[in-house]
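Below: one structure, written as structure tokens.
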Amino acid sequence: MPYDVVTRYLMEMHAQRERTVAALAGLSEAQFWQRPAPDEWCIGEILDHVRAINHSILRLMRITWPLLRPLGRRRRGRPYAVDYDNVYERPGFPMNVGWIWPPRARPDRPLPAARILADLRAVHDDFAAFYTARDPAVLGHVSVWDPVIGWMNLIQVLRVGLYHDELHFADARALARALLEAGAVAPQAEPALPAGVGAP
19 MPYDVVTRYL MEMHAQRERT VAALAGLSEA QFWQRPAPDE WCIGEILDHV
69 RAINHSILRL MRITWPLLRP LGRRRRGRPY AVDYDNVYER PGFPMNVGWI
119 WPPRARPDRP LPAARILADL RAVHDDFAAF YTARDPAVLG HVSVWDPVIG
169 WMNLIQVLRV GLYHDELHFA DARALARALL EAGAVAPQAE PALPAGVGAP
């Protein structure tokens with residue numbers, strides 16, 4: 019059922035984020051903001067980019083919804099798609115576009131890790147509120163066009179967003195694992211991030 023699909027996607031959004039948060043336990047604030055190379059993002063930048071792009075997409079959907087909802091309501095009795103291919107696995111898909119949604123914090127102007135994680139949770143909660151307040155049969159007939167990805171209805175937007183989040187979450191988890199295993203930063207004065215840091 020469509021309702022179950024939207025609920026499943028929202029549950030997946032929560033689960034993959036919290037799996038990533040759990041992987042950060044034991045990192046120091048310095049490790050959270052340590053870049054693996056000068057031109058590569060650190061964990062804090064990765065997660066704040068995820069927040070930034072989610073915030074941008076949600077804002078776009080809030081603008082689009084009242085304009086396209088009447089058309090979606092007229093079509094709500096028709097079938098609609100809920101799945102989408104993982105666009106990040108398409109050959110030649112442009113991957114280096116993160117500069118369009120830059121993180122607001124970086125190693126030379128960091129924010130506390132707990133703040134980064136709380137703000138990421140907050141934008142995901144806003145996503146969940148947007149979707150749960152609307153009829154999936156209408157969401158499935160409100161479509162937007164991306165010049166790289168193509169046409170997507172708003173349920174498919176959520177699906178593609180999960181692919182994007184997990185792409186970056188996997189990078190953050192791998193970086194955290196490498197830092198914890200290698201002890202890549204000299205001993206820090208601040209305590210390590212506890213399990214569940216930033217939990218609501």
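In the working numbering, the protein residues as written are 19 to 218. Where is the CB? At the ideal position from N, CA and C, for every residue including glycine. Predicted model, so just to flag it, every value in this text is computed and none were measured.
- By the Cβ neighbour-count rule, Ala-131 is buried, with 16 or more other Cβ atoms within 10 Å of its own.
- Between the stretch 27-46 and the stretch 131-141 there are three or more inter-stretch CB-CB distances shorter than 8 Å, so the stretches are counted as touching.
- Residue pairing of Trp-169 in beta bridges, as defined by DSSP: Trp-163.
- Rounded to whole angstroms, the gap between the alpha carbons of Phe-148 and His-73 is 12 Å.
- Counting only the Cα atoms, Leu-76 lies some 26 Å from Arg-127.
- For Asn-72, the enclosing alpha helix (DSSP H) starts and ends at 61-92.
- Judged by beta-carbon spacing, Pro-121 lies within the 9 Å limit of Glu-63, meaning their Cβ atoms are closer than that value.
- Below 8 Å, enough C-beta pairs join the stretch 81-97 and the stretch 150-161 to call them touching: three or more.
- Here Val-68 is near Asp-183, since their CB atoms are less than 9 Å apart.
- Annotation: the continuous alpha helix (DSSP H) that includes Gln-49 extends over 47-50.
- Per DSSP, the continuous alpha helix (DSSP H) segment holding Val-141 begins and ends at 131-150.
- With respect to Pro-154, Val-23 sits close: the two C-beta atoms are nearer than 9 Å.
- Within the DSSP secondary-structure output, Arg-127 pairs in a beta bridge with Arg-124.
- For the pair Thr-150 and Leu-172, the Cα-to-Cα distance works out to about 12 Å.
- Of all alpha-carbon atoms in Arg-124, Ala-146 and Pro-109, the one lying nearest the alpha-carbon of Arg-26 is that of Ala-146.
- In this structure, Leu-197 sits near Gln-52, with a CB-CB distance shorter than 9 Å.
- Of all alpha-carbon atoms in Tyr-102, Leu-129, Arg-195 and Trp-163, the one lying nearest the alpha-carbon of Leu-176 is that of Tyr-102.
- Distance between Leu-86 and Gly-179, taken at the CA atoms: about 20 Å.
- Annotation for Leu-42: no alpha helix (DSSP H) segment contains it, and DSSP assigns it neither H nor E.
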